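Novice: Under the UniProt record's numbering, the first residue of the sequence shown carries the number 1, and numbering increases by one thereafter.
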Amino acid sequence: MSYAELIEPFLRTTMEVLRDADRPLAPREVMELVGEQVEIPRELAVTNDSGQIRWQSQLGFRTGEARAIGWLTKGGRWSITELGRRALEDYPGTELYLEMKHRYESQRRASH
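1) Ignore the nearest five residues each way along the sequence and tell me which others in E16's own chain have a CB closer than 8 Å to its CB.
2) Please state whether DSSP places W78 in a helix, a strand or coil.
3) Rounded to whole angstroms, what's the CA-CA distance from V46 to V34? Just pull it up for me.
4) Do the CB positions of V30 and P9 come within less than 8 Å of each other?
5) Since T73 sits in a beta bridge, which residues does DSSP pair it with?
6) Got a sec, what are the start and stop residues for the alpha helix (DSSP H) T63 sits in?
7) Of all the CB atoms in chain C, is at least one closer than 8 Å to the CB of K74?
8) Which partner residues of L25 appear in the DSSP bridge assignment?
9) Closer than 8 Å by C-beta to L11: which residues in its own chain qualify, once you throw out the five before and the five after it? Chain order, please.
10) So, with DSSP's three-state summary, where would you put T94?
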């Protein structure tokens, strides 16, 4: 299984949870809801060297990238933007993650 196939369900479910919420959600709420909806692969259910559960740590990084390209807002509470809503509709399957990574990397290269 590719990394995109492994992580995409977490990114998509997070964006769907935020889309369907009636208000911005605390990160803890998002993690709980995602954890209830996504089957967590064994390799992501373990803790990393920092003592964090690997899937939650990875989701923090991926949502940071989604925030950087304008798909999410993050602060004390998280929400999805209109661009993020469109991305959910426009990019099925792993295309969502791959498009996010492409845009994020392009933006990083342009700013350096």
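All C-beta atoms, glycine included, are put in the ideal place defined by N, C-alpha and C. Note that the structure is predicted; figures quoted are calculated from it, not measured.
Specialist: So, from the listed chains and residues:
1) Residue 16 sits at position 16 when you count from the first residue of the sequence shown. The residues are L88.
2) By 1-based counting over the sequence shown, the position of residue 78 is 78. If DSSP states are grouped into helix, strand and coil, W78 belongs with the strands.
3) By 1-based counting over the sequence shown, the position of residue 46 is 46. By 1-based counting over the sequence shown, the position of residue 34 is 34. Those two C-alpha atoms are separated by around 16 Å.
4) The residue labelled residue 30 in the question sits at position 30 within the sequence shown. The residue labelled residue 9 in the question sits at position 9 within the sequence shown. The answer is no: Cβ separation not under 8 Å.
5) The count along the sequence shown starts at 1 and reaches residue 73 at position 73. T73 pairs with S79.
6) Along the sequence shown, read from residue 1 onward, the residue named residue 63 stands at position 63. T63 -> alpha helix (DSSP H) spans 54-68.
7) The displayed structure is made up of one protein chain only, and chain C is not part of it.
8) Residue mapping note: residue 25 aligns to position 25 of the sequence shown, counting from 1. According to DSSP, which records beta bridges pairwise, L25 is partnered with W78.
9) The sequence position of residue 11 within the sequence shown is 11, counting from 1. So the qualifying residues of the chain are L59, R62, T63, A66, L96, Y97, M100.
10) Mapped onto the sequence shown, residue 94 falls at position 94. Three-state result, T94: coil.
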